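Single-structure report; data block below.
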Amino acid sequence: MIIQSKWVEPLLNIRLWIPPAVMAIFLVVISQYNYLTFHTLAELFAIVISFLVFAFAWSTRGFSTNNFLLFLACGYFWIGSLDLMHTLVYKEMNVFVEGSGNLSVQFWIGTRYSEALLLLAAPFAAARKQNGHLLIVVFGAVAVGLTALIFSGHFPIGFVEGTGLTDFKIYSEYLIDLILVLALIAVLRLDGILSVEEKALISVAIVMTMCAELAFTFYVDVDGTFNLAGHIFKIFSFWMIFQAIVISNLKKPYAELLEAKEVAEKANEAKSDFLSSMSHEFRTPLNAILGYAQILQIDPKAPLSPAQNEHVESILSGSNRLLRLVNELLDLTGNGANYLDLTIEEIDCRDVIADCTALIAPLAESRNVKIVADPGIEPSALLRTDRSRFKQVLINLLTNAVRFNKDGGTVTVKYQEVDNGFLRISVKDTGIGISKEDRPRVFQIFHRIGADATKARAGAGIGLNVAKLLVERMAGRIGFESEEGAGSTFWIELPLASNEDVLIWTDTMNIGIDAIDRDHQVLVSLLNKVSHENLDGAAIDTILDELIVYTDHHFQREEAIMGICGYPDLEEHRGCHRDIAVQVGDLAETWRESHDPELLKHLRTLMKDWFFDHVINTDAKMSRYATGKGRDIRKALGDLK
60 MIIQSKWVEP
70 LLNIRLWIPP
80 AVMAIFLVVI
90 SQYNYLTFHT
100 LAELFAIVIS
110 FLVFAFAWST
120 RGFSTNNFLL
130 FLACGYFWIG
140 SLDLMHTLVY
150 KEMNVFVEGS
160 GNLSVQFWIG
170 TRYSEALLLL
180 AAPFAAARKQ
190 NGHLLIVVFG
200 AVAVGLTALI
210 FSGHFPIGFV
220 EGTGLTDFKI
230 YSEYLIDLIL
240 VLALIAVLRL
250 DGILSVEEKA
260 LISVAIVMTM
270 CAELAFTFYV
280 DVDGTFNLAG
290 HIFKIFSFWM
300 IFQAIVISNL
310 KKPYAELLEA
320 KEVAEKANEA
330 KSDFLSSMSH
340 EFRTPLNAIL
350 GYAQILQIDP
360 KAPLSPAQNE
370 HVESILSGSN
380 RLLRLVNELL
390 DLTGNGANYL
400 DLTIEEIDCR
410 DVIADCTALI
420 APLAESRNVK
430 IVADPGIEPS
440 ALLRTDRSRF
450 KQVLINLLTN
460 AVRFNKDGGT
470 VTVKYQEVDN
480 GFLRISVKDT
490 GIGISKEDRP
500 RVFQIFHRIG
510 ADATKARAGA
520 GIGLNVAKLL
530 VERMAGRIGF
540 ESEEGAGSTF
550 WIELPLASNE
560 DVLIWTDTMN
570 IGIDAIDRDH
580 QVLVSLLNKV
590 SHENLDGAAI
600 DTILDELIVY
610 TDHHFQREEA
620 IMGICGYPDL
630 EEHRGCHRDI
640 AVQVGDLAET
650 WRESHDPELL
660 KHLRTLMKDW
670 FFDHVINTDA
680 KMSRYATGKG
690 RDIRKALGDL
700 K
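Per the working numbering, the sequence shown starts with residue 60, numbered consecutively.
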């Protein structure tokens, strides 16, 4: 019973049958008025399906390992071509030759022989890798040879006007059905290559083809009822073949990709939880080690000898380095899970630079590196950001600039206003620079920069990754320029206090539903990326596409949550979503046509107003309806995938 249900289940999906059923009903109605139009449309439907089958299989052959379906698709390209010839030479068509019942029947029977033999051969070809180009040539040669045989008059007669089908035509249909029975057996015995769903669809297609052939043994007039039934069966047969190709080459890989994505996300969450937990566990004993080592140094009752003090200094140095690594891991896991707290305020950039350079001065002196904080002619600038996180990022850049510098080198810190209300703070060194091979991976976690391996070992490869995450959370950007052997310049851009266009996510914006809060954070991040007008047009186009897709994705998720929670104003909320989606889409489309910067300003204003008015004031009302429904919400969101 389990095996039967596995076979039947794919065929019970009503959506599988609707398209061919609708087409069949439409064609039956057409046949009552004009049979030639019916025949032409019925054949064209099958021909188009044949070509689509080939197009799907051919374009995805690079990542598909299903040789059975590739073999089948290459053959169906020429089956469709022969069916096109059958259509063009049909009685009363008179396209390039005078159509006749016999000529169309000859093409029909020759094509059906080809199709039956193709279905029979496909299971035997499935076990070996197929050369698509060779298949096209071989099947093409057969199709061209068959066409030449028919037009030269050497193909047996299949239909006589006024008399009907010849014995050759009738017995050929029986022989074709026999070949199809063998093909069906071969497909059913094909293990490990086709899924149950693919097998079911191919088997139904073969059975439908057999029914079509049987119907074609009974008609006397090419306009008869059995001829009509045969074409309807053919439509269903070709549709099932098409579905099998789509499932194998599109649906199945996409489903596997989604499954792999979900597994990766769960693994990433587990990794973050593990790192966070272990980091906390490490920090407690580390603090104890640091505390007791410091007590040893300052205890007046038991002063340390110089040698003992040196050993304690080594303990303190190593423990401090390990503590910094633990803190970076906590920042990384917390930020990746969107648990990072930000305190946004107006701060003086010059003061923060002064504090950071003072903290790094001892490290610079140990390397004989000079730090120059040179604001140039710029006045002191006020930023709207988180002071401690800004300091953390700047200290990281300064530390790297000293660590990867040459002895006696220089580190220069500058800042200047850039377009659209941002301040760029740059840290330039005269050190080893970054190789071209390293540059694409500079901000990757655990990647350590530097051609000098002894210096590269000084870092854990976490700092720059954390810095990038922090800067982007603060609505900024980070980047660098480098010349190998001559030094590097790392820069960050953060919003000025006067910049009213950016949104910076803080805990006050949480509405209390995790899925929606995460979506809102992504939307804020994408919107802030559009705020950097020094991006080129292509980059902004890409960001806008992401913004539109994710906005629609978020609206679907939010409406699903509202439905599960019984939110009373769902329809009104859905209408607001539609209005926002239309406005954003229209602005994005107009931008692509003109690349007018004013349009981006309108877009930012629209999204910002919507965010504060709709999200903060309206979405916040949802949280009381979501209480105690976390499991239902997760299931609803899972069903959307």
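In this text, a Cβ means the ideal position worked out from N, Cα and C, and glycines have one as well. Quantities reported herein were computed from a predicted structural model and do not represent experimental measurements.
Counted within 10 angstroms of its Cβ, other Cβ atoms place LYS188 as buried (16 or more) or exposed: exposed
With distances taken between CB atoms, is the gap from VAL589 to THR610 smaller than 8 Å? no
Are the Cβ atoms of PHE130 and ALA186 separated by less than 8 Å? no
Limits of the beta strand (DSSP E) - the one that ASP407 falls within: 403-407
Short of 8 Å in beta carbon distance, which residues of its chain neighbour THR99, apart from the five on each side in sequence? Order them along the chain. THR146, TYR149 and MET152
8 Å Cβ cutoff, TRP650 in contact with chain C: No chain C appears in this structure, which consists of one protein chain only.
Ignore the nearest five residues each way along the sequence and tell me which others in ALA175's own chain have a CB closer than 7 Å to its CB. ILE235, ILE238, LEU239 and ALA242
Supposed close pair ALA574, ILE607 - CB separation, criterion 8 Å: Rounded, the Cβ-Cβ distance is 20 Å, inconsistent with contact.
With which residues is ASP604 paired in a DSSP beta bridge? DSSP output for ASP604 lists no bridge partner at all.
Buried/exposed call for HIS192, threshold 16 Cβ in 10 Å: exposed
Check whether the segment 547-557 touches the segment 477-485, counting contact only when three or more Cβ pairs, one atom from each stretch, lie closer than 8 Å. yes
Given THR489, which residues of its chain have a CB within under 7 Å of its CB, disregarding the five upstream and five downstream residues? ASN464, LYS465, GLY468, THR469 and GLY546
Hey, could you find the ends of the beta strand (DSSP E) ASP655 is sitting in? Per DSSP, ASP655 belongs to no beta strand (DSSP E) and is neither H nor E.
Assigned secondary structure, ARG516 (DSSP; H/G/I helix, E/B strand, else coil): Bear in mind that the predicted position of ARG516 carries a pLDDT of just 42, short of 50, making it unreliable; the figure below should be weighed with that in mind. If DSSP states are grouped into helix, strand and coil, ARG516 belongs with coil.
Starting from ILE265, trace the alpha helix (DSSP H) in both directions and tell me its first and last residue. 255-274
Among LEU528, ARG448, PHE449 and LEU422, which residue has its Cα nearest to the Cα of ALA460? LEU422
Quick check on TRP497: does DSSP put it in helix, strand or coil? The residue you asked about is not Trp; residue 497 is Asp in the sequence shown. Coil.
Starting from THR284 and walking both ways along the alpha helix (DSSP H), at which residues does that stretch end? 284-305
Within a Cβ cutoff of 8 Å, which residues of the same chain sit near GLY217, ignoring the five residues on either side of it in sequence? ASN161, VAL164, GLN165, TRP167, ILE168, LEU224, THR225, PHE227, LYS228 and SER231
Excluding the 5 residues flanking ALA352 on each side, which residues of the same chain have their C-beta closer than 6 Å to its C-beta? VAL371, ILE374 and LEU375
So, with DSSP's three-state summary, where would you put PRO78? helix
Where do the ends of the beta strand (DSSP E) carrying ARG448 lie? Note, ARG448: premise wrong, no beta strand (DSSP E); alpha helix (DSSP H) at 446-462.
Does the segment 612-630 come into contact with the segment 563-581, if we say contact requires no fewer than three beta-carbon pairs (one atom in each stretch) closer than 8 Å? yes
Status (buried if at least 16 other CB within 10 Å, exposed otherwise) for GLN302: buried
Which partner residues does GLU552 have in the DSSP bridge list? ARG483 and ARG536
Is the distance from the Cβ of MET299 to the Cβ of THR206 below 8 Å? no
So THR548 and VAL486 are in contact, right, with Cβ under 8 Å, and what is the actual spacing, rounded? 7 Å
Just reading off the alpha helix (DSSP H) that THR471 is part of, what are its end residues? Looking at the DSSP string, THR471 is not in any alpha helix (DSSP H); the run it does join, the beta strand (DSSP E), is 469-477.
Alpha carbon to alpha carbon, how far is ALA510 from VAL501? Bear in mind that a pLDDT of 43 at ALA510, under 50, signals an unreliable position, so the model cannot answer this.
Exposed or buried, what is LEU699 when buried is set at 16 or more other beta-carbons lying within 10 Å of its beta-carbon? exposed
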